Each structure stands twice: as C-alpha cells, then as structure tokens.
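Asker: Have a look at this one.
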Amino acid sequence: MTMSCHLPKMTSALLGVLLASSICLAVCRDAHAQTSAWADLSVPQGVASSAVHGQGKLITYDQGSTLHVFSSVTRRWHGAPKLPGATVRLFNDCVIITEPGVCRAFSSHTGQFVSLNATGQCTILNATAHKNDSIILVTSGSQLHAFSAFTGTWTSLSIPTTFAADVQRHVAVVHHGAKVLAVSAFDNVWHEHACGTTATTISANGTTAIASNAGTVLAFSAHTRSWRRHAPLANASFLRADDWALWFNSTTVVAYSSLRGTFLSEVAAVTTLAGSTDLYALLNTANGLLAYSAVTGDLLTITQPANAIDFGAAVALLHGNKTVRGYSPLRQSLQTLVVETQASGAGNSVAFVTSNSGQTHAFSSLTSSWVTAPAATNGNPATMSTTTVALQSPSDCFAFAARSGQFVAVGNPVPALVSNPTSAPLLGYDVSNLFAFDTDSERWLQVPRTGGGAPVFAIWRTSALALDGTSAHGFGAQTGAWQSHAIGLGSQSVTANSEVAYIVQPTKIAACSMLPEIVSYQQFPHFRRVQPRGTAISFAAAPPATAFAIAAFAPPITPITVPGLGTLMLDANVALLAPVMPSTNTPVVQLSWQLPAAAILAGTTLSSQLMVLPATGPAYLSNRATVQLW
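The sequence shown begins at 2 in our numbering and counts up by one.
This is the structure we're talking about:
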C-alpha cells in the first residue's frame, strides 16, 4: 500500500498526547519490545552453504523446490515454490525467478513475490554482472516489462520487433522509431519523449539515461522523472557516472546533473579528466582545474594546480606545496589547510591529513570545513571509515562527527579499532565491550562481550557483524544501534552485505537486518544514493500493527528516554506526523511526499522513527533513520 502524504506539523503537545496514550497501552509492562532485527531460518536436514547467497538487502537460500528470501526491510524470511530448472537471479533489492511462461520477482521493499505471466520465453536484458540494478527489464513476445525493486511492481510496454534498450542501476531507456522512453526505479512509470528522428545512441547508468542523434541530446533523470533537451556539442569527448553526464571540446563544456535534472553549458578549454566519482568530476584545463558537481549542478574554477589528489565519493583532497585544499561537491567549495602532509585519506564524506609533526586534521564535506583533532592524539595513526576518522590517545579514543565538526570521546581507551575504508561502520573492542560510533547521533555505543578471544568481524558498506563467543552483534550505520542475538556454537561463516548480514550454521541461517524499521530508498551519507531537494522522498515500513511515522527536518537530538516506549531521537517541536496502517495485501506500507527545492534545505537532515502500537504487547519507538537532503 502506498500513501502520498502532505504531513502536518506536530506540536510538542500533540506528541505528548500520543506518547501518553502509548504509555497507557504499555501500563504494567516491564519493557518495550521492538521487532527483532534477527530472524533464523531453520534447516533441520542441514544447510548447504553453497546454496546461501547475499546481496544488498537480501539473503537467499535455495532449498530445491523452495526459494527462501530474507528481506532487511521486512526483517523476516519469505518463501516461494520453485520448479526444477528454474533460473534465479539475485540483485541488491530484488530476486527474479524465471520459469516457463512466468517470471516472478521479489522486492525487498514490499516483501512480496509478484508474478508476470509471459507470452513465450522470458529474457532478462540486464547484464549478468549488474547485481546492483533496481530496474529489471524482461522481454516476452512483443512486450517489454520493467520491474522496480523499490515499488515492487511490473509495468509493461508494447515494442516492435526492432528496438534498443539499456538498463543500469536505477534507470532504463528504450527507443524505437522516433520515440524514446525511460523508466525510473523510484516510480516505475514509462516517460516518453519524441526525439524527432531515430536515436543513434542510448545509454543508462545510475540515475541518468541519455539518448542522442545528430540534432539533439536528451537526458532523463530518475530523480526528477523528466526529460531535458540540449543541442549537441561538436567534436566532443563524452564522460559519465551514476549521477552526471558531461561533454567537452576545445572551447566548451556541457554537463547534465540527474540530481538536479538540469543542463549547464560554459566556455572552458578542457583537456583531460583528472578524476571523478558518481557525484563530481575534476577536469584539467590550461588554466587549472574545473570541478563539476552533480549535487549543485554547477562548475567551480580552481586556478591553483594540485600535485596529487585523494578522491572520495563526496570529497577530495587537493595537495599543493605545503597546503591541502578540501573540496566539497556538496557545498561546491574549497577550504585550504596550511600543512606539510605525512599521511592522508578520503572516504565518503570525510577526509583527513596528518602533518609531519603528527597532528591530524579532519575535513567534513557536509560542512566544507577543517577541524583539528585533540592534541592528545598527536603522533597516533588515523583509522578511517567512509564516514568518520578515529584517533587514539593514551587514555581515550576519539571519532570525528562530520555534521557538527566535533571529535567525540569514548571516555576510555579502545585498544583495538576495526574498520573497512570502503564501508561506514567504525567498531572497536576491549576485554569487556564492543564499541561502535554512530555518526548520526554522534555518540559511541557499546554492548557487553560474551567471548574471551578476539571477535570475528565482517564489515561491508553500511553493515557490520561481530561474532563474539556464543553471541552475534550486528551494527547498521543507517540504524545507529547494536542488534544482539544468541547464536550458540558451530558457526560456519560470517558475512556482511550492504544492508544485511548473516551467519551460516549447521542447521540454520541467522539473518540480521541492518536497517531501521522505517527505510528510505536513499542512503547518503552512509552509502551512495543522494536525496535531492525538490524531488519526492519515499519510506517503507513493515510495522507489526498500527504505527505513526514521526519525521523531523532537523538533526537527531540527544536521545530522550521515554518510560515504557524506548528512546526518542527527534525534536517534537519541528516534527511531522503520518499514520502507518498495514494492509492485508502486503506487509509493507510505503509513504511518499514531495520535498521543496529551497536551497536553504541543502544539508538538512530528515530524521524519522516509528511509534508502533501492536495488537498485543506494549507500544514502542523504533530505531531512528536519517536522510540528508542535497
């Protein structure tokens, strides 16, 4: 069930009434009980490890006649019958089962298998290597079908015998005759545009689709769900990434941002590409560098040359003679630090430089500013994740909070820090506790240990899993909470995927969701997908009963303990409220509303929680989810 909402402002008084009502429902209860992030799949006859696969938000277990699928959104296992010889393809957010005459797709965001009855052979057009695609294209007879992993729906299009199509990540493009059509994973609706004559080239990548011929260039944004036209650039070189496309020749550069849905044309003598990510490109010119940001949709001239560049997803460090300039494509700005560099690194939204004297400075792309680490950490090496930088001192441990620009102390040493430089979680441990730094609430979280030796860790993208004695502890960067589970002995493997993790044991698979109970399509700054201002934002929730979605356009506040409910992490004075009413047809409710395009919202954090009122048991507040608007 999908709801488009214009959410009313919620006063503190209204929230107080809701909380009071919830407390009344929970009276005489000892504690609140949330939906567990863990779910075990029992396999009494023994788990075949080779039949267990994980990708993105999903885990599959092929048991011959049944395919079991765990979704990190619904937090439970789902099953579907499967014929012998059926083909199964697993993507980040969906699973496709192809059988004679039918193609069945499972969406992580809806928790349902949806069948497509086909005429003739079903052929999946997505490249075999494209496991991150959230749009799946299938042909059967004279029909082209698109399945969105986000909406959990099929949409069909009649096509002639001769057509061309391309699909990658969150967008697909098709052309036949003088028509070109594109579909976005965020709405799964075909958007048509007349191209006048036959398109000579089409391509899809990330959130951008391109169609062009001798007379025009058409660009489609999966975010704005609209086409834009521009005159072609003669003798141009072409570059692209997930969220932008760029053409340049000896006099002009033309750039398209799918985050903004806009073209830009400027006079510039670009020679080569210095480097790029999905959010920006640094271009060499005769007069220095030219920075294009897909986030802001404009160009920044950088006249001072760079001797070397550290590239991060949404940050770059430009090294000069005794200077380092931090580049933020989010703010489209540079900040200079005078320093002789000993070591440096760039992550998703943060970077660091350590001077020859051993002093470390952290750069936040969210604020476009440098912050010097506490002097007590001088001489100690930095440990980096994609969202923070951690430093030890003789008596403490500090993590950099990019939003506020503070170094946050644990309060005691953390002798062992654990991270993956391509992933968001930053963990640590001592003899008594496991530690994790939550970048949203800007605090260290800890959980008691149950093992004696070094824990076994698995970290990937936004997920972290620690196997410690007879307990497993999951930490999700998007949730900002530890999720513990008694696992026993006999674990065969420990695996973390982008937003889910699992442990394979002899007779069960223990799966852990790394997402909160209310989930957005977008992931930044924890991971890759950015939520642009002026576009629609969607959330999915699978509450066990009636719930209220509470959202606030403000950073998470210092956690407030609400007796009988749990922890409130939103400012009720600026909160919005929407009911979440589960349907009998689907376990998931999807909420969406249109965001304003106001520039003042750049960098604003939208925080959300669920207040769940179960049919039985006490009411509770879910974990918090955050999305930043850019």
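Glycine included, every Cβ here is placed at the ideal spot set by N, Cα and C.
Keep in mind that this is a model prediction, so the values were computed, not measured.
(1) Give me, in chain order, the residues of the same chain whose beta-carbon lies closer than 8 Å to that of ARG30; leave out the 5 immediate sequence neighbours on both sides.
(2) For ALA195, which residues in the same chain have their Cβ closer than 7 Å to its Cβ, ignoring the five residues on either side in sequence?
(3) Of the choices ASP469, ARG534, GLY55, HIS69, whose alpha-carbon is the least far from that of PHE554?
(4) According to the neighbour-count rule (16 or more other Cβ atoms, all chains shown, within 10 Å of its Cβ), is ARG230 buried or exposed?
(5) By how many angstroms is the C-alpha of ARG529 removed from the C-alpha of ARG625?
(6) Verify whether the separation of the beta carbon atoms of SER420 and ILE460 is less than 8 Å.
(7) For ALA14, count neighbouring Cβ atoms within 10 angstroms of its own Cβ and tell me buried if that reaches 16, exposed if not.
(8) Report the three-state DSSP secondary structure of ALA573 (helix, strand or coil).
(9) If distances are taken between C-alpha atoms only, which option among GLY604, THR451, THR253 comes closest to ALA237?
(10) How is the beta strand (DSSP E) around VAL268 delimited, first residue to last?
(11) By DSSP, does SER1 sit in helix, in strand, or in coil?
(12) Roughly how many whole angstroms lie between the Cα atoms of TYR257 and GLN46?
(13) Select from ARG462, VAL96, ALA130 the residue whose C-alpha is nearest the C-alpha of SER116.
(14) Where LEU622 and TYR293 are concerned, what is the direct C-alpha to C-alpha distance, given to the nearest angstrom?
(15) Let me make sure I understand the geometry here. Which of ALA552, VAL354, VAL390, TRP248 has the alpha-carbon closest to that of SER424?
(16) Rounded to a whole number of angstroms, what is the C-alpha to C-alpha distance between ARG404 and LEU367?
(17) Measuring CA to CA, which of VAL168, GLU193, ASN189 is closest to HIS177?
(18) Can you give me the start and stop residues for the beta strand (DSSP E) that ILE160 sits inside?
(19) Please return the same chain residues whose Cβ sits closer than 6 Å to the Cβ of GLY632, not counting the five positions on each side in sequence.
(20) Leaving out five residues before and five after LEU338 in sequence, what residues of the same chain have Cβ atoms less than 8 Å from its Cβ?
(21) With respect to the beta strand (DSSP E) encompassing PRO509, which residues constitute its N-terminal and C-terminal limits?
(22) With H, G and I counted as helix, E and B as strand and the rest as coil, what does DSSP make of THR387?
(23) Does DSSP put SER72 in a helix, a strand or coil?
(24) Counting only the same chain and skipping the five closest in sequence on each side, list residues whose C-beta sits under 7 Å from that of LEU602.
(25) How big is the Cα-Cα spacing for VAL340 and PRO557?
(26) Quick check on the burial criterion: 16 or more other C-beta atoms within 10 angstroms. Buried or exposed for GLN591?
(27) Where do the ends of the beta strand (DSSP E) carrying PRO449 lie?
(28) Mapping DSSP to helix, strand and coil, what is THR378?
(29) Would LEU59 pass as a contact of VAL70 if the rule is Cβ separation under 8 Å?
(30) Is it buried or exposed, THR61, if we count other Cβ atoms within 10 angstroms and call 16 or more buried?
(31) Mapping DSSP to helix, strand and coil, what is LEU602?
(32) According to DSSP, is SER251 helix, strand or coil?
(33) Check whether the stretch 131-141 and the stretch 164-173 are in contact - that is, three or more C-beta pairs closer than 8 Å.
(34) Under 6 Å Cβ to Cβ from PHE239, same chain only, skipping five residues before and after it: list those, please.
(35) My output table needs one value for ALA455: the three-state DSSP class, helix, strand or coil.
Answerer: With the structure as the only source:
(1) Since pLDDT at ARG30 reaches only 33, below the 50 mark, its modelled position is unreliable, and no value is offered.
(2) Around ALA195: ALA179, LYS180.
(3) The residue among ASP469, ARG534, GLY55, HIS69 with its C-alpha nearest the C-alpha of PHE554 is ARG534.
(4) By the neighbour-count rule (16 or more Cβ atoms within 10 Å), ARG230 is not buried but exposed.
(5) Answer to the nearest angstrom: the Cα atoms are 19 Å apart.
(6) The answer is yes: Cβ separation under 8 Å.
(7) Unreliable placement is indicated for ALA14, whose pLDDT of 46 sits below 50; no coordinate value is reported for it.
(8) Helix, per DSSP.
(9) Distances from the CA of ALA237 to each of GLY604, THR451, THR253 were compared; the closest alpha carbon is that of THR253.
(10) Going by DSSP, VAL268 is part of the beta strand (DSSP E) stretching over 263-268.
(11) The requested residue 1 is not part of the displayed model; the chain covers only 2 to 631.
(12) Between the alpha carbons of TYR257 and GLN46 lies a gap of roughly 55 Å.
(13) Nearest option by C-alpha distance: VAL96.
(14) Approximately 42 Å between the Cα atoms of the pair.
(15) With distances taken between Cα atoms, SER424 lies closest to VAL390.
(16) Straight-line Cα distance between these residues: approximately 6 Å.
(17) Distances from the alpha-carbon of HIS177 to those of VAL168, GLU193, ASN189 put GLU193 closest.
(18) Segment: none, ILE160 is in no beta strand (DSSP E) and carries neither H nor E.
(19) Beyond the ends of the chain as shown, which are 2 and 631, falls residue 632; an answer cannot be given.
(20) Same-chain partners within the cutoff: THR324, VAL325, ARG326, GLY327, VAL354, HIS362, PHE364, TRP371.
(21) In the sequence as displayed, the identity of residue 509 is Lys instead of Pro. From DSSP, the beta strand (DSSP E) with LYS509 extends over 509-514.
(22) DSSP places THR387 in coil when its eight states are reduced to three.
(23) Correct three-state label for SER72: strand.
(24) Only ARG534, LEU630 meet the Cβ criterion.
(25) C-alpha of VAL340 to C-alpha of PRO557: approximately 34 Å in a straight line.
(26) By the neighbour-count rule (16 or more Cβ atoms within 10 Å), GLN591 is buried.
(27) Unbroken beta strand (DSSP E) run through PRO449: 444-449.
(28) Looking at THR378 - three-state DSSP - the assignment turns out to be helix.
(29) The Cβ-Cβ distance between LEU59 and VAL70 falls below 8 Å.
(30) By the 16-neighbour rule on beta-carbons within 10 angstroms, THR61 is buried.
(31) Three-state result, LEU602: helix.
(32) Under the three-state reduction of DSSP, SER251 is assigned to coil, being neither helix nor strand.
(33) These segments touch.
(34) Once the five neighbours on either side are set aside, the close Cβ partners of PHE239 are TRP248.
(35) Judged by DSSP in its simplified three-state form, ALA455 adopts coil rather than helix or strand.
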